[in-house]
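S.K.:
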Amino acid sequence: MADHSSPSQVGPEASVRPQLPPVRVAIVEDNTLFRQMLATSLSSEPRMHLVTQCASVAEARSAIKPGMVDVVIMDISLIDGNGVALGISLQRNDAHLKVLLLSAHNAMDLLLDLPDAVKSRWSYLSKNSSVSVKTLTATIERTAAGRQVLDPNLLAKAQPRAGTSVSKLSARRYEVLRLLAQGLSNSGIAQALGIADKSVQNHINAIYACLDIDADPSANPRVLATLRMLEESGSLID
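When you number the sequence shown by our numbering, it's gap-free, plus one each residue, and the end is 278.
Listed below in structure tokens is the structure:
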């Protein structure tokens, strides 16, 4: 198997929401200090519009109405319930709502257990990673645009399990898959790797073929590839 150990080097990427309204964001976090820090950071970003911030499941159910928010930043453990269950419930009432799970628990594998109907609309960042405002806002934008984003620092530690389809990828294609799993566009991947956009698409097509991902119009192949990487990789939990 090719060496997949080199960490991702992600360069700047143009906004995935050019000339569009700011992303409408809600925060559901029971740690007051951390919630206020998030709110302050997002409020200073012109591409973000903070709609509401909630400290509990009950507050979130009352405050977040269908069509009101594009992305909910969600903690896992809340004072009166579970953030994952809350996110699923909110999404069942809002087909366009996305969830960014932001938690101290390095548990990206939780995404694999989500119902199929909502799985593609979740992203994950770890509070234990060095989550900068730039990383957070980029992740929110990519999630709002329909891409699934996994924590880049945890992905840098990932290694494919022996015998899996992901382990059969070349080192270059594994790196393309790792950047794809961070929600980068083809042009963003090309910029990060210093290759042409057409070369990126060729690599992605080869990745889909290796992972046996069909061109199903009802599914997002980038999300399917991201979930396959998550399922078949180890060392994703600190």
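We put the beta carbon where it would ideally sit given N, CA and C, even for glycine.
Going by DSSP, name the residue or residues bridged to A66.
M.R.: Note: A66 sits in a beta bridge opposite T92, V112.
S.K.: In its own chain, which residues sit with a C-beta less than 7 Å from the C-beta of D120, not counting the 5 before and 5 after it?
M.R.: Within the same chain, D120 has close Cβ partners S96, V97, A98.
S.K.: What is the C-beta distance between V216 and I244, in whole angstroms, given that I count them as a contact (C-beta under 8 Å)?
M.R.: Contact flag correct, Cβ pair sits at about 7 Å.
S.K.: Using a threshold of 8 Å, state whether the C-beta atoms of S273 and P192 are closer than that.
M.R.: Going by C-beta atoms, S273 is not nearer than 8 Å to P192.
S.K.: How many Å lie between G203 and L209 at the Cα?
M.R.: Rounded to whole angstroms, G203 to L209 spans 11 Å at the Cα level.
S.K.: Alpha carbon to alpha carbon, what distance is there between L151 and V111?
M.R.: Distance between the alpha carbons of V111 and L151: 16 Å.
S.K.: Report yes if the C-beta distance between A221 and L190 is below 8 Å; otherwise report no.
M.R.: Yes. Within cutoff.
S.K.: For R64, I'd like the list of residues in its chain whose CB is within less than 8 Å of its CB, leaving aside the five on either flank, ordered along the chain.
M.R.: Taken in chain order, the residues that qualify are H89, V91, M108, V109, D110, V111.
S.K.: Pairs of beta-carbons, one from the stretch 121 to 129 and one from the stretch 166 to 173, closer than 8 Å: are there three or more?
M.R.: Output reads no: the stretch 166 to 173 does not touch the stretch 121 to 129.
S.K.: Which of helix, strand or coil does DSSP assign to L192?
M.R.: Residue 192 is actually Pro in this sequence, not Leu. DSSP places P192 in helix when its eight states are reduced to three.
S.K.: Have a look at D288 and T72 and give me their C-alpha separation to the nearest angstrom.
M.R.: Nothing can be reported for residue 288: it is not among the residues displayed for the chain, which extend from 41 to 278.
S.K.: Could you tell me the alpha carbon to alpha carbon distance between K138 and L233, rounded to whole angstroms?
M.R.: Rounded to whole angstroms, K138 to L233 spans 28 Å at the Cα level.
S.K.: To the nearest angstrom, how far is the alpha carbon of V263 from that of R187?
M.R.: Approximately 7 Å between the Cα atoms of the pair.
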